[in-house]
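Quick note, this note's numbering runs 20 ahead of the 1-based positions in the sequence shown. Every residue gets a Cβ at the ideal spot worked out from N, C-alpha and C, and that includes glycine. All values reported here derive from a predicted model rather than from experimental measurement. Beneath this line is the structure, given in structure tokens, with notes to follow.
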Amino acid sequence: MRTEYPGTAPEEVETLLSRPLEQELGIVPHLVNISSISKAGQSDIILEFEWDTDMNAMSQEIREKADRVWLPQDAEKPLLLRYDPSLDPIIRIGLHGPQDLYALRYLAEHDIKRELEALVGVAAVKIKGGLEEEIHVALNERQIAVMGLDINQINNRLAQNNVNLPGGNLREGQVEYLIRTLNEFATVDEIAELIVARQGDADVYLRDIAEVGRSHKDREIITRVNGRESVEIEIYKEADANIVAVAERVRNALFGLPEQRAYVEQKTREAQEMAEQSEEQKRKEQEEARKKQETAKADSTKKEEEQQKDLQAKKQEEARKAMEHLRMTDFISHRLPPGAKLEILSDQSGFIENSITEVQINALIGGTMAVLVLLVFLRNVVHTLIVGLTIPVSIMATIAPIYMLDVS
């Protein structure tokens, strides 16, 4: 359901449109999930229903409930739209933590996005929310008018002094050089020190007529997880990719394989147990270790070669454990900064996996009931088994060519 409210910020859209509509529409029958996206001047409410729901009747009920909601006078009437779920991202992930929104956005774009886009079957990864850094040049119109300058002239000077353009190529013998014109600003101070005009014998710098500083782009969307502002990561699959397989690869890249998760949980428990040990236990362990060292020193029968072998074996074991630790912790969520967390907001593959499981259960129940009915009528175990075996054989004969032809 889309409702437009021109000229309003995302926060106002959420307060005046999204929340009241969500509260009213959240009680419709057969509703599986409801979520909202509040943009500048636009509210989108996404409703998901059970598979066998009569959508024609449900559409009428949704419109009736939406009409009961009091909306601002300037807001447009809510529109009910149907869309193809295949055009949506297969997985939506929320990234949140104690870090500021600049850091979370940078982490999502430069670390998480690059790693996920390299996965087989992933077509694109889009980032929403957070804050994107940009440089703001706030011109002092009064000062510009006093100096008789033109804003277009200042804009052109900024564009001319911040270029990164191809300059063709240069051939020297068998070697060809690609040429680029590089003249980009590297710091805020460089922008502020740009000469934009000349009056008499004096240069007019940008800092004389404007304030230059770091800020963020205008926010078109705000994403939240459990009420906290976050960054949203959307994963889109390739057209011919298997949604279940792609979703599994994404989850493994984010949270690790099952054995990796078990390893991290075990190490976490061990660390907690070590932290809970009393000072007395630590003192006893240190005392026992000291006594063992004294005993080892007193043992003059041990040869130096054996000590060297033991030391080498110990180093090899430590190196092996270090490599094993790196391998078992090589996934995205383990490499996040302290406090930062990834959370799956929606996963389309879950619906398909549930459907496949339901088909398998129904097939098993149907096959069992068919065999029981045959046994009741034939009253012969051997004949029943012979006829019963034709059921899985016929199913395999039907599915095998589809599998061999790689048809989904």
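Check: Unbroken alpha helix (DSSP H) run spanning residue 62, endpoints; Outcome: No alpha helix (DSSP H) holds residue 62; the beta strand (DSSP E) holding it covers 62–69.
Check: Every unbroken alpha helix (DSSP H) within the segment 68–103, with a cutoff of 4 residues, ordered by chain; Outcome: 75–88
Check: Status (buried if at least 16 other CB within 10 Å, exposed otherwise) for residue 217; Outcome: buried
Check: Beta bridge counterpart(s) of residue 363 as assigned by DSSP; Outcome: 114
Check: Ordered list of beta strand (DSSP E) runs contained in the segment 238–295, each at least 3 residues; Outcome: 243–245 and 248–257
Check: Three-way DSSP call (helix, strand, coil) for residue 140 in this model; Outcome: coil
Check: Top-ranked residue by Cα proximity to residue 275, from 191, 208 and 113; Outcome: 113
Check: Exposed unless 16 or more other CB atoms sit within 10 angstroms - verdict on residue 355; Outcome: exposed
Check: According to DSSP, residues forming a beta bridge with residue 186; Outcome: 200
Check: Proximity of residue 211 and residue 111 at Cβ, strictly below 8 Å; Outcome: no
Check: Nearest-angstrom beta carbon gap, residue 98 and residue 21 [assumed within contact, 8 Å]; Outcome: 5 Å
Check: Cβ shell of residue 50 (< 8 Å), same chain only, five flanking positions each side left out; Outcome: 69, 70, 73 and 78
Check: Proximity of residue 430 and residue 45 at Cβ, strictly below 8 Å; Outcome: There is simply no residue 430 to check, as the chain begins at 21 and stops at 428 in what is shown.
Check: Cβ shell of residue 197 (< 7 Å), same chain only, five flanking positions each side left out; Outcome: 189 and 190
Check: Residue 207 versus residue 154: straight-line alpha-carbon distance, rounded; Outcome: 12 Å
Check: Sequence-distant residues of the same chain with beta carbon closer than 6 Å to residue 176, five excluded per side; Outcome: none
Check: Assigned secondary structure, residue 24 (DSSP; H/G/I helix, E/B strand, else coil); Outcome: strand
Check: Span of the beta strand (DSSP E), counted from its first residue to its last, around residue 51; Outcome: 51–59
Check: Local Cβ density within 10 Å of residue 429, reported as buried at 16 or more and exposed below that; Outcome: Here the chain covers residues 21 to 428 and nothing more, so residue 429 does not appear.
Check: Rounded straight-line distance, which links the Cα of residue 170 to that of residue 182; Outcome: 19 Å
Check: Where the alpha helix (DSSP H) containing residue 403 begins and where it ends; Outcome: 401–424
Check: Bridge partners - residue 155, DSSP secondary structure assignment; Outcome: 234
Check: The segment 128–135 in contact with the segment 260–269 per 3-pair CB rule at 8 Å; Outcome: no
Check: Cβ contact check for the segment 141–160 and the segment 283–292: 3 or more pairs under 8 Å; Outcome: no
Check: Rounded straight-line distance, which links the Cα of residue 180 to that of residue 166; Outcome: 24 Å
Check: Residues sharing a beta bridge with residue 195, DSSP; Outcome: 192
Check: Buried versus exposed call for residue 86 [16 or more other C-beta atoms within 10 Å across all chains shown]; Outcome: buried
Check: Whether residue 359 touches residue 257 by CB criterion (8 Å); Outcome: no
Check: Minimum C-alpha distance to residue 203 - residue among 185, 195 and 220; Outcome: 185
Check: Local conformation of residue 217 per DSSP, three classes; Outcome: strand
Check: Best match in 339, 306, 24 and 173 for proximity to residue 59 [C-alpha to C-alpha]; Outcome: 24
Check: Through-space distance from residue 363 to residue 378, alpha-carbon basis; Outcome: 27 Å
Check: Selected residue, minimal CA-CA separation from residue 234, among 122, 343 and 281; Outcome: 122
Check: Residues bridged to residue 222 [DSSP beta-bridge criterion]; Outcome: 219
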